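Residue numbers (my numbering), protein chains in the order written: chain A, 130 to 683; chain B, 85 to 409. Idealized CB from N, CA, C, for every residue including glycine. Values in this document were obtained by computation on a predicted structure and should not be read as measured data.
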Amino acid sequence: MKRNLLYVLVLVTLLLSACGGGTTPTVVSATQPPASGGSDATLKIGWIGKPDTLNPAYAFLTESYTIFDLIYSTLVTEAADGTYEGMLAKDWSVSDDGLTWTYHLKDGIQWHNGGPFTAGQMAWAINAIMKDPEGWAASANYTGGFKEVTAPDDKTVVIVTEYPIANMDYRTSFLYAVYPPDFETFTTSADLQNFTNFAAIGTGPFKVKTFDKDTGVLLLDSNQAYFDGAPKIGGVIFQTFDNTDAMIQALKVGDIDLVNEVPASAFETVKGFENVTASAIDGRYFNELIINSVDPNNDPAPTGNPALADPAVRLAIAHSINKQDIVEVVAQGLATPGDTIVPPTLGGGFWHSPNVKEIPFDTAEASRVLEDAGYILGSDGVRAKGDLRLEFRLQFPSDSAVYPRIADLMAGWFAQAGMKATPEAVDPDALVAATTPAGDYDLVLWGWGPDPDPDFILSVMTTDQFVDGGWSDSGYHNPEYDQLYLDQQQIVDKAERQKVVWKMQEMVFNDRPYIVMYYEKMLQAYRSDRFAGFIESPLGIESAQSLLNVTAVK
Amino acid sequence: MNRRDYLLRKFGLSIVTIFVVVIINFLLFRVLPGDPVRAVVGRNVRISAETQRALREQFGLDKPVFPDQFFDTLGQWAQGNLGVSWSLRRPVSEVLMSKLWNTVLLIGLGQLLSIIFGVILGLLAGWKRKTAIDVGALTFSLIAWAIPTFWLGIILLAAGSTWFGLPTGGIVSPINVGKPLYTIIPDVARHLILPTFTLTILYLGEYMLIMRSSILEVLSEDYILTAKAKGMSHWQVLWKHALKNAMLPIVTLIALNLGFTVSGAIYIETVFSYDGLGKLFQTALTKQDYPLLQGAFLLLAVSVIIANMAADVLYAVLDPRVKES
Chain A
130 MKRNLLYVLV LVTLLLSACG GGTTPTVVSA TQPPASGGSD ATLKIGWIGK PDTLNPAYAF
190 LTESYTIFDL IYSTLVTEAA DGTYEGMLAK DWSVSDDGLT WTYHLKDGIQ WHNGGPFTAG
250 QMAWAINAIM KDPEGWAASA NYTGGFKEVT APDDKTVVIV TEYPIANMDY RTSFLYAVYP
310 PDFETFTTSA DLQNFTNFAA IGTGPFKVKT FDKDTGVLLL DSNQAYFDGA PKIGGVIFQT
370 FDNTDAMIQA LKVGDIDLVN EVPASAFETV KGFENVTASA IDGRYFNELI INSVDPNNDP
430 APTGNPALAD PAVRLAIAHS INKQDIVEVV AQGLATPGDT IVPPTLGGGF WHSPNVKEIP
490 FDTAEASRVL EDAGYILGSD GVRAKGDLRL EFRLQFPSDS AVYPRIADLM AGWFAQAGMK
550 ATPEAVDPDA LVAATTPAGD YDLVLWGWGP DPDPDFILSV MTTDQFVDGG WSDSGYHNPE
610 YDQLYLDQQQ IVDKAERQKV VWKMQEMVFN DRPYIVMYYE KMLQAYRSDR FAGFIESPLG
670 IESAQSLLNV TAVK
Chain B
85 MNRRDYLLRK FGLSIVTIFV VVIINFLLFR VLPGDPVRAV VGRNVRISAE TQRALREQFG
145 LDKPVFPDQF FDTLGQWAQG NLGVSWSLRR PVSEVLMSKL WNTVLLIGLG QLLSIIFGVI
205 LGLLAGWKRK TAIDVGALTF SLIAWAIPTF WLGIILLAAG STWFGLPTGG IVSPINVGKP
265 LYTIIPDVAR HLILPTFTLT ILYLGEYMLI MRSSILEVLS EDYILTAKAK GMSHWQVLWK
325 HALKNAMLPI VTLIALNLGF TVSGAIYIET VFSYDGLGKL FQTALTKQDY PLLQGAFLLL
385 AVSVIIANMA ADVLYAVLDP RVKES
């Protein structure tokens with residue numbers, strides 16, 4: 130009966146609107162009046178996608194981590210400049226042997242439900258991960274090498290590790306203080322993983338008011354008791370859109386106040402919107418050309434063109450990629466040409482090696498390099514040395530809008546140097562299967578979004594990762610590199626570790642399993658007639674640090 | 085064959101069809117290339133190779149497709165359990181039900197309006213053949229039928245939100261999420277206007293064209309001439325003699341379209357960020373979420389079969405010849 134009533138009401142509304150449609154369109158205020166000034170203003174964020182869960186044990190989507198950043202706290206956190214600062218911890222230190230980390234907590238920390246937060250609860254949260262790494266699949270990587278976590282008193286957390294851990298700050302910035310009563314009851318890993326925690330309790334600057342798991346709409350209220358000073362706005366709403374055109378339109382008419390990912394194709398349009406500020410800053414994502422570097426003795430044997438193992442061919446390929454053109458033509462200027470696998474934004478630039486010497490785009494030089502190496506130009510325009518023809522498959526994941534254009538450009542430049550590349554779009558899953566561990570490809574275009582710490586992106590190039598389910602797609606295998614990778618994990622001294630990290634990037638740059646094409650810029654926009662004070666950084670203008678600084682425009 | 089036997093036979097056939105669909109769906113999804121675990125977790129820095137193995141085990145993918153996975157799935161279904169979605173980590177039946185009503189509301193409303201307006205327009209156009217009404221209605225219907233869904237949706241969205249302040253997406257305003265339905269009816273209705281309007285325009289053309297050609301055919305029959313000769317008014321001829329006969333093809337079309345209602349309207353739902361089954365199907369496919377895919381396709385198969393059965397029964401009611409044969 131109720132449903133019938135609903136139908137009738139909707140029908141009537143529709144008919145009324147249809148009648149209205151016949152008259153001359155009148156300009157009506159698109160939405161509610163602008164957010165009134167003061168602390169009750171709610172910031173509405175539109176995004177594509179939604180959190181899969183609010184349970185850090187089993188959260189894989191970036192959206193979940195955006196929300197974690199707002200509702201949970203960690204011992205330390207990454208600051209806008211890429212360094213680490215205390216969050217729950219007011220200070221922390223490490224023992225001389227690099228094995229014992231002591232964190233002293235700030236005063237006045239309480240849970241969203243008003244209960245006091247203690248060091249014992251933080252220790253419990255970390256121990257839970259160590260006891261059930263399978264259940265806490267998404268966090269287990271961060272506690273690898275932890276031996277014991279204790280709370281000698283209510284204000285102190287002590288982490289003892291089995292070996293010195295170089296990136297301890299980064300790791301502890303992902304160990305969330307979850308509310309123990311919500312997590313204590315699970316007996317199996319699957320039960321824990323199926324717990325979506327949609328009424329999450331944390332200690333962060335915002336607290337969950339409502340989360341609608343179907344539509345993905347998430348309402349957060351400001352935590353007025355936040356220990357580092359309450360947010361200056363009343364709350365945040367996240368609304369999921371399924372297509373970017375509608376989302377951009379929503380920003381234009383004021384249905385939403387902030388878009389955290391503006392598509393590159395719409396950026397120029399958004400810049401022209403009235404009362405909207407658009408920002409493009411260097412981000413972490415990079416796009417690369419993968420060159421098959423799989424060991425010929427690998428099982429199964431790789432099927433890539435053996436000519437790719439020749440350093441001269443790799444150098445010629447590097448000379449045949451016009452990164453500046455890719456940035457300008459394909460990325461519409463919203464990127465910067467790249468060189469190493471550690472983007473300049475990691476650690477505020479601390480980890481990016483300045484020592485690599487860019488290979489200039491020069492197809493004549495590429496031809497000369499190939500000529501010197503004995504690759505003779507054939508009548509069909511393709512060079513060959515004996516049976517080795519410089520003819521390659523150039524594959525890319527089919528869900529990308531930019532790779533087809535890059536592949537076309539690249540095939541053209543390669544042809545100028547006497548190499549033939551055949552672009553081919555492949556289903557992403559099929560491409561994963563073709564690369565790792567099959568090695569059934571020549572050249573592939575793909576990208577990565579590295580973690581704030583260089584450890585992960587460096588691990589992608591290790592031999593160990595070239596297994597089923599591993600992250601190496603190039604098949605790069607270099608024992609010296611592998612050793613350096615293990616070394617850097619245990620060098621607690623930052624300056625010392627930096628030297629090793631730089632050296633590893635240089636090795637990858639010179640051996641060329643990857644040719645990094647460009648670093649993407651992060652494109653965001655917000656309604657400047659409603660809110661001000663956003664902090665632009667690689668963390669995003671929707672990060673906790675930025676939102677703590679945001680005020681409503683009077 | 086009496087009516088009971090006829091219905092029983094139809095029912096039996098439907099059960100067999102559903103069973104065949106279940107088996108084909110089970111095999112079809114597993115033939116797709118790619119790895120569901122990878123599809124679910126993506127290219128994710130937080131997932132180690134060991135975790136992927138554990139997940140594969142948890143999903144039962146470490147066992148052979150036949151007989152283990154097949155009989156596990158059948159066994160679960162026999163107990164009325166559609167399993168737990170891998171990507172959403174929620175029971176499949178719960179997920180399907182939560183989207184079903186949204187989709188039925190949107191598509192049902194769109195269909196209803198397009199049927200009403202389509203049939204009326206078709207009737208008018210056929211009756212007033214070769215007049216301005218006919219040409220106008222025909223042109224409009226052909227254009228409406230040919231317009232790409234996505235394009236029309238985006239245009240209406242831009243116009244509706246700019247000029248009429250209509251919402252740019254969703255089913256309710258974020259602020260109303262979680263409130264009881266009866267308190268937010270005006271808000272839901274506001275959100276339904278643009279997608280329903282788009283759907284109505286898109287479907288309308290089809291109904292209008294079929295209705296027009298059907299009524300033209302009927303109007304040329306001898307019994308219409310007889311009716312006119314008996315001195316009946318235009319309205320009486322149209323209402324009592326022509327319409328009922330001309331409705332037969334429309335009934336088939338309606339039944340078929342209603343059957344596919346639960347497949348949602350992926351484009352419309354995507355343009356208007358409407359949380360319905362169409363989008364769910366798409367997500368399930370891209371994530372290779374087997375339990376969700378199987379559940380969704382079962383729902384689709386069952387509704388198409390039920391709609392077809394309904395059409396058969398209706399046909400028998402509308403056209404006595406069907407019953408006799």
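Proximity test, Cβ basis, 7 angstroms: residue i and chain A
i      : result
B/Q160 : no
B/T367 : no
B/V219 : no
B/V261 : yes
B/R296 : no
B/P375 : no
B/D359 : yes
B/P258 : yes
B/T345 : no
B/G362 : no
B/T336 : no
B/A123 : yes
B/D119 : yes
With 16 other Cβ atoms within 10 Å as the buried cut-off, status of residue i
i      : result
B/K281 : For clarity, residue 281 of chain B is Phe in the given sequence; the question names Lys instead. That one is buried.
A/I192 : A quick correction: the sequence has Glu, not Ile, at residue 192 of chain A. The residue is buried, with at least 16 neighbouring Cβ atoms inside 10 Å.
A/F303 : buried
A/N242 : exposed
A/E417 : buried
B/T290 : Note that residue 290 of chain B is Glu in the sequence shown here, rather than Thr. It counts as buried.
Cβ-heavy atom distance, residue i to the ligand HEM, below 6 angstroms
i      : result
A/P552 : With respect to the ligand HEM, the structure offers nothing, as it holds no ligand at all.
Sequence-distant residues of its chain with Cβ nearer than 6 angstroms to residue i (five each side left out)
i      : result
B/N109 : Q378 and F381
A/P473 : H481
A/A379 : G175 and I385
A/F340 : F327 and L347
Close Cβ partners of residue i (< 8 angstroms) along its chain, the five nearest in sequence each way excluded
i      : result
A/G599 : T565, P566 and D593
A/S588 : Q594, W600 and Y614
A/I488 : L444, A447 and H448
A/V679 : L172, P360, K361, I362, F660, A661, G662 and F663
Residue i, enclosing beta strand (DSSP E) - first and last residue
i      : result
A/P552 : K549 to V555
A/L349 : L347 to S351
A/S222 : A218 to V223
Below-7 angstroms beta-carbon distance, residue i vs any chain B residue
i      : result
A/N326 : no
A/I366 : yes
A/N372 : yes
A/V637 : no
A/A248 : no
A/Q634 : no
A/L323 : In the sequence as presented, Leu is not what sits at residue 323 of chain A; that position holds Asn. Yes - at least one Cβ of chain B is within 7 angstroms of the one on A/N323.
A/Q378 : yes
A/Y299 : no
A/D509 : no
A/A375 : yes
A/A502 : no
N- and C-terminal bounds of the alpha helix (DSSP H) containing residue i
i      : result
A/D411 : Run containing A/D411: none in the alpha helix (DSSP H); it sits in the beta strand (DSSP E), V405 to I420.
A/V442 : P440 to H448
B/T345 : Neither: B/T345 is in no alpha helix (DSSP H) and is coded neither H nor E.
B/G220 : A216 to A230
(Q) Any C-beta of chain A within less than 9 angstroms: which residues of the segment 132-161 of chain B qualify? (A) Answer set for the segment 132-161 of chain B: S132, A133, E134, T135, Q136, R137, A138, L139, R140 and Q142.
Q.
Please list, in chain order, the residues of the segment 219-239 of chain A that have any C-beta partner in chain B closer than 9 angstroms.
A. none
Q.
What are the residues in the segment 229-248 of chain B lying within 7 angstroms of chain A by C-beta distance?
A. Within the segment 229-248 of chain B, the qualifying residues are I238, L241, A242, S245, T246, W247 and F248.
Q) Between the segment 375-404 of chain B and chain A, which residues of the former have CB atoms less than 8 angstroms from a CB of the latter, in chain order? A) Under the 8 angstroms Cβ criterion, the segment 375-404 of chain B contributes no residue.
Q | Contacting positions in the segment 548-570 of chain A - beta carbon closer than 9 angstroms to chain B | A | D556, P557, D558, A559, V561 and A562
Q) Of all the residues that make up the segment 168-179 of chain B, which are near chain A by a beta-carbon distance shorter than 9 angstroms? A) V168, S171, L172, R173, R174 and V179
Q: Please list the residues of the segment 381-411 of chain A that have a C-beta atom closer than 9 angstroms to any C-beta atom in chain B, keeping them in chain order.
A: K381, V382, D384 and I385
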